[in-house]
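Here the protein sequences come in this chain order: A and B. Mapping to the numbering used here: the first sequence position 37 is 41, numbers consecutive. Mapping to the numbering used here: the second sequence position 369 is 1453, numbers consecutive. Each residue gets a CB set at the ideal place from its N, CA and C atoms; glycine is no exception.
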Amino acid sequence: MSVLSAEARREFEIHRYPVLVYALVPVLAVVLQAWLPRLLGRFAWFDLPLVVTVFFALSRRNPIQGSILGGVLGIFEDALTGHAIGINGIAKTLVGYLAASIGILVNVENHAIRLFLTFVLSLVGSATYFFVVRFLLGLSLDTDWPMELYKAFGNSLIALVLFPLLDRAKMRD
Amino acid sequence: MESFVVRYRNLLVLLVLLVAQILGLAMQVRRASSGQADGGGVRLIRLWANGIVSPPERILHSTGSGVSWIWNNYFDLRHVRQQNADLQKTVDRLRLEQAALLEDAKQGQRLQALLNFQQKYIYKTVAAQVIGSSGTDQSRVFYIDKGKSDGIDRDMAVITPDGIVGKIRDVFGHTAQVLAINDQSSGAGVIMESTRIRGILRGNASGQPQIVDVIRDQRIKPGEKVLTAGGDQIFPRGLPVGIVDRVVNDPERDGFVDVVLKSAAHLDQLDEVLVITVTEPRFPPDQQQDMAASEALKSAEAEQQKTSDGMAEKLPGLLEPNLPTDQQPLNDTSNPNPVSKPPLAIHPDRFTPGNAVTPNVQGAPDGSQSPGAGSSESTLKKPLPPKSSTSEPHSTPETKPAKPSTPQGENR
């Protein structure tokens, strides 16, 4: 029975996707994140760029790629808000890094683990966001934590549907 | 050293990314605190993000609008005629109300001219569709499909017919970013309608607009209307903002309260907005035309009323000044169909009701009809008395039942 090291397992379990998926899915996530709240109003309890960041970070198991993808998507989100650019960027950079790092350590093929990770990483992202706003920038931004909790649940539910769909686009060696 | 870099490569990249973004934030905050606009790099990132997101948003919005238009204009047309009639009635009523208020407005303008203060009126607006949002609760901004090419500029007020919505924060070629009044970084000067307490409006964490730093005042009650104060050089004075929802104590300052409002405009369901592009110290042409129509309508109605009054004066009145109230004909409801009685004859003759006499009748002491009398004769002999003489106790004095005049035959 052969035993694989962590590095070898990571290399073995890296998922690859067509370039079109890498290009379109993040853009679509940002576009829908900007458009859907118009229809759903206050019930837009989700953060699609975060879900996409977690998915690719877990699938690729590469902390550098996860950090960069999270950072870029976060900066895109910031650019659409009236706030300074980098607040979401920092939060999602951290989320991407953590997701990829955890992906190396645990079996992320299990859906329950993926959902739990999405939920926890959503809360980590929110906490980072408010830390940056309140302590780094010193802005008086109030926090609605129940809303952040709903958002974490919403992200988990979306991940429940989205992750198996995106898994179908996986390239087989 | 090389092994260190290789070993901690991931962590080092993370640190570099985080530090770069923190530095970028620090530079942006410094520029903002010194009152400068976004730097070139930041502006470029915003432009790129807008350029990537706006076209798909426009397509999605156009598709949704098209489907909605087809449904609303071809299928869902029930009750439209009734609604149209109701709306026409409302327009007529509002025209009259406007004509009534016009005099007050003109007087207000004259007084303002005397005080050397000029009220700004909304002179020109541009209608725009909402095509997207920021996508996050922490930033209550949204995008409209009109930009620099449509004459939109920074700090222009954005409203709906219900009330104010926000102001233009950033302008791109064909889109613009609007900062809503319920964003935590927004600000607008407002005044409470009845108590005349002024304050600054901004959003809270839940996305509700609230007037902050108001000194505690027992007069502030839920339901009071809040209007724009006009002092912020963005919103014209007197536009509806919302109504007071509740008053909460300021957690950071004792003796101060925050007045949470229910916004007049539906900020969560915005579809179309108006951007105020020009304000002038006079009414816009279409409004002047509308006011002229109202005045004409009011004049026509006054003329009609005058004619009616003239006609009423010429017709006999239903009120008799010489009778007490309880005997007024209007108060008598015993007969739903009153019939007026002919006046009393000055010189009664045989044609006078009740005075018809014939030889046969004269011969009958009790006045009864002889059995052999013909029908035509009987009409002459005993004409039917006027209805009102026996069955109308409510007749007017002119038609009051006369004391039965004694027939000549009986007098004998």
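Query raised in the report: Taking 9 angstroms as the CB-CB limit, is B:ASN1156 close to chain A?
Result: no
Query raised in the report: Closest Cβ-Cβ distance between B:SER1290 and chain A: below 9 angstroms?
Result: yes
Report task. Please confirm whether B:ASP1334 and B:VAL1341 have their CB atoms less than 9 angstroms apart. Result -> yes
Query raised in the report: Within this structure, are the beta carbons of B:VAL1274 and B:VAL1310 separated by less than 9 angstroms?
Result: yes
Requested in this report: Pull up the distance between the alpha-carbon of A:ALA33 and that of B:MET1240, whole angstroms please.
Outcome: 31 angstroms
Report task. Tell me, to the nearest whole angstrom, how far the beta carbon of A:GLY86 is from that of A:THR57; I am working on the premise that it is less than 8 angstroms. Result -> In fact, because the Cβ distance is near 22 angstroms, the residues do not count as touching under 8 angstroms.
**Report entry** Where A:TRP2 falls, given that 16 or more other Cβ within 10 Å makes a residue buried
**Finding:** Look at the range of chain A in this structure, 5 to 177, and you will see that residue 2 of chain A is not part of it.
Query raised in the report: Any C-beta of chain A sitting closer than 9 angstroms to the C-beta of B:PHE1226?
Result: yes
Query raised in the report: Using a beta-carbon distance cut-off of less than 7 angstroms, what residues from the stretch 43-60 of chain A approach chain B?
Result: GLY45, ARG46
Query raised in the report: Which full runs of the alpha helix (DSSP H) of 4+ residues lie inside the stretch 1159-1229 of chain B, going along the chain?
Result: 1164-1198
Query - Inter-residue Cα distance where the pair is B:ARG1320 and B:ALA1313 - result: Residue identity check: residue 1320 of chain B is Pro in the sequence provided, not Arg. If I take the Cα positions, the gap works out to 8 angstroms.
Query raised in the report: Looking at A:SER63 and A:LYS174, is the spacing between their C-beta atoms short of 9 angstroms?
Result: yes
Report task. Give a yes or no on whether the minimum CB-CB distance between B:ILE1106 and chain A is below 9 angstroms. Result -> yes
Query raised in the report: Beta carbon of B:VAL1097, beta carbon of A:ILE68: below 9 angstroms?
Result: yes
Query - Any C-beta of chain B under 9 angstroms from that of A:ILE94 - result: yes
Query raised in the report: What separation, rounded to the nearest whole angstrom, lies between the Cα atoms of B:GLU1385 and B:ASP1237?
Result: 44 angstroms
Requested in this report: For B:ALA1386, go through chain A and note every residue whose CB falls closer than 7 angstroms to its CB, in chain order.
Outcome: Under the 7 angstroms cutoff, chain A gives no residues; its nearest Cβ is about 48 angstroms from B:ALA1386.
Requested in this report: May I ask you to report which of helix, strand or coil DSSP gives B:LEU1098?
Outcome: helix
Query raised in the report: In three-state DSSP terms, what is B:LEU1464?
Result: Note that B:LEU1464 has pLDDT 40, beneath the 50 cutoff, so the model's placement of it is unreliable and the number below is only indicative. Helix at B:LEU1464.
Report task. Report the residues of the stretch 1249-1275 of chain B with a CB closer than 8 angstroms to any CB of chain A, ordered along the chain. Result -> ARG1253, ASP1254, GLN1261, LEU1263, ASP1267, GLN1268, SER1269
Query - Simplified DSSP assignment, three categories, for B:THR1474 - result: Any reading at B:THR1474 needs caution, since the residue's pLDDT is 41, under 50, leaving its predicted position unreliable; the model's value is listed next. Note: B:THR1474 maps to helix in three-state DSSP.
Report task. Measure the CB-CB distance between B:ARG1286 and B:ASP1267 and report whether it falls below 9 angstroms. Result -> yes
Query raised in the report: Which value, in whole angstroms, describes the spacing of the CA atoms of B:ARG1115 and B:ALA1121?
Result: 7 angstroms
Query - Contact set for A:LEU125: own chain, Cβ-Cβ below 7 angstroms, skip 5 residues either direction - result: VAL58, VAL99, LEU102, ALA103
**Report entry** For B:MET1240, three-class secondary structure by DSSP
**Finding:** coil
Report task. Flag this pair as yes or no: are the beta carbons of A:ARG42 and B:ILE1215 separated by less than 9 angstroms? Result -> yes
Query raised in the report: What's the gap between the Cα of A:LEU166 and the Cα of B:ASP1246?
Result: 40 angstroms
Report task. Please go through the same chain and pick out, in chain order, the residues whose beta-carbon is closer than 7 angstroms to the beta-carbon of A:ILE89, but skip the five residues on each side of it. Result -> ILE79, ASP82, ALA83
Requested in this report: Quick one: list the residues of chain A neighbouring B:VAL1097, beta-carbon separation under 7 angstroms, in chain order.
Outcome: ILE68, SER71
Query - Integer-rounded CB distance, given that B:ILE1360 should sit under 8 angstroms from B:THR1209 - result: 5 angstroms
**Report entry** Neighbouring residues, chain A, relative to B:ASN1094 (Cβ below 7 angstroms)
**Finding:** PRO67, ILE68
Query raised in the report: DSSP beta-bridge partners for B:GLU1356?
Result: B:GLN1213
Query raised in the report: Touching or not, the stretch 1129-1144 of chain B and the stretch 1251-1264 of chain B, by the rule of three or more beta carbon pairs under 8 angstroms?
Result: yes
Requested in this report: Could you tell me which chain A residues have their CB closer than 9 angstroms to the CB of B:VAL1126, listed as they occur along the chain?
Outcome: ALA83, ALA88, ILE89
Query raised in the report: In or out: A:ASP51 buried (at least 16 other Cβ within 10 Å) or exposed?
Result: buried
Query - Spatially closest choice to A:VAL128 from A:ASN159, A:VAL110, A:LEU164, by CA coordinates - result: A:ASN159
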